[in-house]
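Some notes on the structure that comes next.
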Amino acid sequence: MIERRGLLRYAALSVGAALATIGLKATAYFLTGSVGLLSDALESFVNLLAALVALLALSVALRPADDEHAYGHTKAEYFSSGFEGALIVVAAASIVIAAVQRLIEPRPIDAPGLGLAITAVASAINLAVAKVLHRAGKRYESITLEADAQHLMTDVWTSVGVIVGVGAAAVTGWLRLDGIVAIAVAANVMVSGVRMLRRSMLGLLDTSLPEETLDQIKAILDAHGKSGVGYHALRTRQAGARRFISFHILVPGDWTVQRGHDLLEEIEERIRQAVPRSVVDTHLEPIEDPVSWEDTRLERPPQSSTPP
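Numbering (numbering that gives the first Met the number 0), first residue to last: 0 to 307.
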């Protein structure tokens, strides 16, 4: 996990971008009085809070395993992305409330050209930072940075919609178009937030690794079938950037402990190479013993014993 220490600087970059865009978009709103630009500015406040939470979550996730957290702290990233998803949903609801009020009471837009130009600069900042965070999130497999990048890209598309809507309202004189665009923006933001919440919940529920990764693992295990070796009870899950893989290997009962151990070491190493940042747990069983084939459930019931 040493190489992931650099993730904190990406989270700090996100905080800086949020502060810059808040200042720019707030200025644009005060210049124009546009509810569309207000919705854009409100989302930047959400970006700042989300970036601070991401910085905290990454600080926790990077901590090494200890006595109370033997599997590490990487799941902290799911709390950050879930929190960010919830913030996005709240921001969308706030935008709708402001937009509906503006639909009821339309208001002229002041200095639209200057306000939209400032918003465009803020959007360019968000776009650049989102690309940096997305690359880092993919490289280091950080759901926190990926969520932050997705949030910033949502902000970019929001700003594009606002620029088009406010510009059209100013040109056509149809003032309610400002509120209509804000509601459309809110719907897009809401979808993004719900998706982020779903992904975070799946991570906290120990969802299995993707099918593509499972196929890689199974191919490695199947390669030993010709030598009379089998496997079962394959279980996988992911916690942030860390993957956990466990399975039972069944070998002929006349094998020595050393031979079985050497096979497990070989299989584990091949899986770790194929699936980076993985923790592999194995269990060796004799293939002829019927009890071995019963040992496939997560919670194995105790065997009944006959008194002597």
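Quick reminder that beta carbons are idealized off the backbone N, C-alpha and C, glycines included. Everything numeric in this text was worked out from a predicted model, so none of it was measured.
- Taking VAL228 as the centre and dropping the five residues before and after it, the same chain places the C-beta of VAL250 closer than 6 Å to its C-beta, in chain order.
- Of all alpha-carbon atoms in ALA238, GLN237 and LEU263, the one lying nearest the alpha-carbon of HIS247 is that of LEU263.
- Note that the C-beta distance between ALA49 and GLY192 is not below 8 Å.
- Under DSSP, ILE286 takes part in no beta bridge, so it has no partner.
- By the neighbour-count criterion, in which 16 or more other beta carbons inside 10 Å mark a residue as buried, SER207 falls on the exposed side.
- The beta carbon of VAL52 is closer than 6 Å to those of SER79 and PHE82 in its chain, skipping five residues each way along the sequence.
- According to the DSSP assignment, TYR230 belongs to the beta strand (DSSP E) that extends over 229 to 238.
- For the region 107 to 193, the full-length alpha helix (DSSP H) segments reaching 4 residues or more read 111 to 139 and 142 to 171 along the chain.
- If the five residues before and after LEU37 are omitted, its C-beta is found closer than 7 Å to the C-beta atoms of TYR28 and ALA97, all from its own chain and listed in chain order.
- If the five residues before and after ARG236 are omitted, its C-beta is found closer than 6 Å to the C-beta atoms of ASP205 and PHE243, all from its own chain and listed in chain order.
- In the structure shown, ASP280 adopts extended strand secondary structure according to DSSP, grouped into three states.
- When DSSP states are grouped into helix, strand and coil, VAL250 belongs to the strand group.
- When C-alpha distances from ARG62 are compared across PRO105, THR212, LEU7 and GLY112, the shortest belongs to LEU7.
- Spatial neighbours of SER291 in its own chain (CB-CB distance under 7 Å, excluding positions within 5 residues in sequence) are listed in chain order as LEU249, GLU284 and PRO285.
- If you draw a straight line from the Cα of ALA17 to the Cα of GLY178, it comes to about 24 Å.
- ARG134 counts as exposed, since fewer than 16 other C-beta atoms from the protein chains shown sit within 10 angstroms of its C-beta.
- The three-state reading of DSSP puts SER245 in strand, counting E and B together.
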